[in-house]
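Participant: Everything in the sequence shown is counted per the numbering used here, starting at 904 for the first residue and increasing by one. Even for Gly, the Cβ is constructed at its ideal location relative to N, Cα and C. Since the structure is predicted, the reported quantities are computational estimates derived from the model, not experimental observations.
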Amino acid sequence: MMYDMLYESCIWHSRVALFDPEGRLVSVHYDDVLRPFLDDAVVLGRVRSISKGLDAAFVDIGHSLDGFLPLKTVQKEVGKVVEGQEIMVRITRAPIGEKGAKLDARVLTRRPEGAVHVPSIITPAPAAISRSLRDAGDKPVRVWIVDNRFRQEVAHYVREENIFELSKYPDMELLEKIDEQLDQAGGPEFVLPGGGALHIEMTKALTSIDVDSSRTPDGSSKNFRYDLNKRAAHEVFRLCTLLELGGSILVDFLNLSSERECLDFQAYLDEVFTYDMIEHEVMPISRSGLVEIVRQRVGENLMTRLKWPMYVAGDILLKLWRAPSYRGKIRIDANPDVAKILRERLTHDQALAYLGVEVDVRERNELNTENFRISFAA
904 MMYDMLYESC IWHSRVALFD PEGRLVSVHY DDVLRPFLDD AVVLGRVRSI
954 SKGLDAAFVD IGHSLDGFLP LKTVQKEVGK VVEGQEIMVR ITRAPIGEKG
1004 AKLDARVLTR RPEGAVHVPS IITPAPAAIS RSLRDAGDKP VRVWIVDNRF
1054 RQEVAHYVRE ENIFELSKYP DMELLEKIDE QLDQAGGPEF VLPGGGALHI
1104 EMTKALTSID VDSSRTPDGS SKNFRYDLNK RAAHEVFRLC TLLELGGSIL
1154 VDFLNLSSER ECLDFQAYLD EVFTYDMIEH EVMPISRSGL VEIVRQRVGE
1204 NLMTRLKWPM YVAGDILLKL WRAPSYRGKI RIDANPDVAK ILRERLTHDQ
1254 ALAYLGVEVD VRERNELNTE NFRISFAA
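Next up, the structure:
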C-alpha cells in the first residue's frame, strides 16, 4: 500500500507530512530557524557543573537550559570530567518545557581541528524530510511537492521518479488534507473511523484519553464494545505517534463483559503497539477498561507546538508559498506574537522577492495565537 508524503517549505520554515494509504495523517515534522530540531544532533559543549549525587554533568549546549549528561556514558579515553571542560555529546532528547536536553557522550564524531566556538553544533540533526522517511520505514512512498520550485530540495533525499508535483494532479487534495487534519490535531476531540470519538486532555502529570461511544451508529450489537475498543486502539496508537505523546498516558476504554474479552483485547492492544518505534510499555487492562501506556518523551507534543507563534507564522508562510506569485497586495491579520515574527521575515524587500507583492501584516489583539486571516487584494 502506497504512502504519500507532502513537502512544503519556505526559507524560514519547512513541514513534511506523512499520510497512510487511507489518507490519514501519520506524522508531521518541522524545521524552523527560530527553533532548530535538536534530537540526534552532535554538539561540542562545555561542562558547566558536576553533580556527584546524580553522577552527572550539566553541559552548556547553546540552549537556555543546560543539558543533562550521565557520566556513565563518558568514554574512558576522555578521562575525568571537570567543570569548564569541552566535551562532545549527542542530544538524545531535546529540551521539554523547563527540562533541559538529555545527552550522551558516546559519539564517534571527532572534534573539528582549529578554533571552534563552544558551544556549537558539529553535526546537525536530521532534516524534517529525513525524519519523515524514517517514519515510513520500508513502505513505498510518493513524495509530493507543490510545484517544480521545490524539486531540487527534495531530490537530495529521494529518487526523481518518486517525486510528484501537485500542480500536475489537480485531484490530489493533499493541501486540503494537511490543513484540515492539522486543525483537528489541536484536539481535544478526535473522531473515530466508523463512529465514536476520543477526547484527549493533557496535564503536566499525564495525558488522559477517553473513548466516547455516544455517536456510534449501532450501539446495541453483541460485540459493540469490543469492536469499538479495537478501532479506538488503532487511533490511540496513531495519535500517540502523530501528537508525539509521552510520559504516562491513561486510556479509558469501554469496559468489557468478561475476563476473556479483557485478555483478548490486551493481546490486541499489545500487537497494535508493537509497531511503535518509541520505547514504551502497555500496562494490563483493568475490568473497567483503564489502561496505562508509559511512553518515552521525545519533545514537546504536537498539540502544544501548533499553538506556538513560530509554528503559526510558519503555517501562514507555507500557505503563501503555495502560489508562485500574486497579483495584488496581501493582508494578514494575526495575533501580535505571530505578527512580530511575520514582520521580521516578510520585510518589504523579502515579500517582493519571494511573492512578487507587498504584504501588510496587522496585529489583532482579539485573535488567539492559532487564529489568523489572510486576504488578497483584487
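1. Measuring straight from C-alpha to C-alpha, what distance separates Glu1092 and Leu1153?
2. Thinking C-alpha only, which one of Trp1211, Tyr1060, Leu1145 is nearest Lys1243?
3. Can you tell me the Cα-Cα spacing of Ala1256 and Ile999, whole angstroms?
4. Give me the DSSP bridge partner(s) of Ile1233.
5. Reducing DSSP to helix, strand and coil, say where Ile964 ends up.
6. Can you tell me where the beta strand (DSSP E) holding Ala1100 begins and where it ends?
7. Assuming Ser1228 is part of the alpha helix (DSSP H), what are its boundary residues?
8. Between Gly1202 and Arg1034, which are expected to be in contact by the criterion C-beta below 8 Å, what is the C-beta distance as a whole number of angstroms?
9. Buried or exposed: which applies to Arg918, given that a residue is buried once 16 or more other Cβ atoms fall within 10 Å of its Cβ?
10. So, is Leu1042 buried or exposed, given that buried needs 16 or more other C-beta atoms within 10 angstroms?
11. In this structure, does DSSP put Leu944 in helix, strand or coil?
12. Going by other Cβ atoms of all chains shown within 10 Å of its Cβ, with 16 needed for buried, is Arg1230 buried or exposed?
13. Output the boundary residues of the alpha helix (DSSP H) element that contains Glu1138.
14. I'd like to know whether the C-beta atoms of Ser1301 and Phe961 end up nearer to each other than 8 Å.
15. Can you give me the Cβ contacts of Val977 inside the same chain, cut-off strictly under 7 Å, excluding the 5 residues immediately before and after it?
16. Taking C-beta to C-beta, are Ser1023 and Asp1050 nearer than 8 Å?
17. Return the CA-CA distance between Val1185 and Phe1140, expressed in angstroms with no decimal places.
18. Whose C-beta lies closer than 7 Å to the C-beta of Pro1029 among residues of the same chain, with five residues either side of it excluded?
19. What residue from Asp1240, Asn1204, Asp1263, Leu941 has the CA that sits closest to Thr1250's CA?
20. List the endpoints of the continuous alpha helix (DSSP H) containing Asp1086.
21. Mind reading off the beta-carbon distance from Asp1113 to His1102? Whole number of angstroms is fine, and I expect it under 8 Å.
22. Residue ranges of each alpha helix (DSSP H) run of no fewer than 4 residues wholly in the region 979-1052, ordered along the chain?
23. For the putative contact between Ala1031 and Asp923, defined by C-beta atoms under 8 Å, what is the C-beta separation to the nearest angstrom?
24. Who are the Cβ neighbours of Gly1097 in its own chain at under 7 Å, not counting the five residues just before and after it?
25. Just the Cα atoms here: how many angstroms apart are Ala1216 and Phe1275?
26. Name the DSSP beta bridge partners of Ser930, please?
27. Curious, which full-length alpha helix (DSSP H) runs of at least 4 residues does the region 1156-1232 contain?
28. In the DSSP assignment, what residue or residues form a beta bridge with Ile914?
29. Have a look at His916 and Gly1003 and give me their C-alpha separation to the nearest angstrom.
30. Using 8 Å as the threshold, is the C-beta distance between Leu941 and Glu989 below it?
31. Look at the alpha carbon of Glu1247 and the alpha carbon of Pro973, and state the distance between them as a whole number of angstroms.
32. For Asn1238, count the other beta carbons within 10 Å of its own beta carbon; 16 or more makes it buried, fewer makes it exposed. Which is it?
Facilitator: Working from what's here:
1. Your numbering for residue 1092 matches position 189 in the sequence shown. Your numbering for residue 1153 matches position 250 in the sequence shown. Their Cα atoms are separated by approximately 16 Å.
2. Within the sequence shown, numbered from 1, the residue matching residue 1243 stands at position 340. Among Trp1211, Tyr1060, Leu1145, the Cα nearest to that of Lys1243 belongs to Trp1211.
3. Within the sequence shown, numbered from 1, the residue matching residue 1256 stands at position 353. Within the sequence shown, numbered from 1, the residue matching residue 999 stands at position 96. Rounded to whole angstroms, Ala1256 to Ile999 spans 36 Å at the Cα level.
4. Walking along the sequence shown from the start, residue 1233 turns up at place 330. In DSSP, Ile1233 forms a bridge with Val1262, Phe1279.
5. Taking the sequence shown and counting its residues from 1, the one referred to as residue 964 is at position 61. Secondary structure at Ile964: coil, using DSSP grouped into helix, strand and coil.
6. For this step, residue 1100 is matched to residue 197 along the sequence shown. Element bounds for Ala1100: 1100-1105.
7. Mapped onto the sequence shown, residue 1228 falls at position 325. Segment: none, Ser1228 is in no alpha helix (DSSP H) and carries neither H nor E.
8. If you number the sequence shown from 1, residue 1202 lands on position 299. If you number the sequence shown from 1, residue 1034 lands on position 131. Their Cβ separation, rounded to whole angstroms, is 11 Å, which puts Gly1202 and Arg1034 out of contact at 8 Å.
9. For the purposes of this step, residue 918 is taken as residue 15 along the sequence shown, with counting starting at 1. So Arg918 counts as buried.
10. As a first step, residue 1042 is located in the sequence shown; it is residue number 139 there, counting from the start. Looking at the sequence provided, one finds Lys at residue 1042 rather than Leu. That one is exposed.
11. Residue 944 sits at position 41 when you count from the first residue of the sequence shown. According to the sequence shown, residue 944 is Ala rather than Leu. Shown here, Ala944 sits in coil according to DSSP, grouped into three states, outside any helix or strand.
12. On the sequence shown, residue 1230 is found 327 positions in, with the first residue counted as 1. Exposed: under 16 other Cβ atoms inside 10 Å.
13. Position 235 of the sequence shown, counting from 1, holds the residue named residue 1138. It spans 1127-1145 - the alpha helix (DSSP H) in which Glu1138 sits, taken as one unbroken run.
14. Limits of the chain in this structure are 904 at one end and 1281 at the other, which puts residue 1301 out of reach.
15. What you label residue 977 is simply residue 74 of the sequence shown in a count that begins at 1. Taken in chain order, the residues that qualify are Val984, Ala1008.
16. Indexing the sequence shown from 1 puts residue 1023 at position 120. Indexing the sequence shown from 1 puts residue 1050 at position 147. Contact flag unset, no.
17. Translated into the one-based positions of the sequence shown, residue 1185 becomes position 282. Translated into the one-based positions of the sequence shown, residue 1140 becomes position 237. Val1185 and Phe1140: Cα-Cα distance of roughly 11 Å.
18. Indexing the sequence shown from 1 puts residue 1029 at position 126. For Pro1029, the CB contacts under 7 Å within the same chain, skipping 5 residues up- and downstream, are Asp943 in chain order.
19. Here the question's residue 1250 lines up with position 347 in the sequence shown. In terms of CA proximity to Thr1250, Asp1263 leads the group Asp1240, Asn1204, Asp1263, Leu941.
20. Walking along the sequence shown from the start, residue 1086 turns up at place 183. In the DSSP assignment, Asp1086 falls within the alpha helix (DSSP H) that extends over 1077-1088.
21. Working through the sequence shown from its first residue, we reach residue 1113 at position 210. Working through the sequence shown from its first residue, we reach residue 1102 at position 199. Approximately 4 Å separates the beta-carbon atoms of Asp1113 and His1102; this is inside 8 Å, confirming the contact.
22. Listed in chain order, they are 1031-1039.
23. Taking the first residue of the sequence shown as 1, we reach residue 1031 at position 128. Taking the first residue of the sequence shown as 1, we reach residue 923 at position 20. With a Cβ gap of about 18 Å, Ala1031 and Asp923 do not count as contacting.
24. Within the sequence shown, the letter at position 194 stands for residue 1097. Taken in chain order, the residues that qualify are Arg1134.
25. Locating residue 1216 in the sequence shown gives position 313, where the first residue counts as 1. Locating residue 1275 in the sequence shown gives position 372, where the first residue counts as 1. In this model, Ala1216 and Phe1275 are separated by some 9 Å (Cα to Cα).
26. As a first step, residue 930 must be located in the sequence shown, where it is residue number 27. BP columns for Ser930 point to Leu921.
27. Within the region 1156-1232, the complete alpha helix (DSSP H) runs of at least 4 residues are 1162-1175, 1205-1208, 1212-1223.
28. Taking the first residue of the sequence shown as position 1, residue 914 is located at position 11. Residue pairing by DSSP leaves Ile914 without any beta bridge partner.
29. On the sequence shown, residue 916 is found 13 positions in, with the first residue counted as 1. On the sequence shown, residue 1003 is found 100 positions in, with the first residue counted as 1. So the two alpha carbons sit approximately 24 Å from each other.
30. The residue labelled residue 941 in the question sits at position 38 within the sequence shown. The residue labelled residue 989 in the question sits at position 86 within the sequence shown. In this structure, Glu989 does not lie closer than 8 Å to Leu941 by Cβ.
31. Residue 1247 sits at position 344 when you count from the first residue of the sequence shown. Residue 973 sits at position 70 when you count from the first residue of the sequence shown. Pro973 has its alpha-carbon roughly 39 Å from the corresponding atom of Glu1247.
32. Start at 1 with the first residue of the sequence shown, and residue 1238 comes out as number 335. Classification of Asn1238: buried, given that the 10 Å Cβ count is 16 or more.
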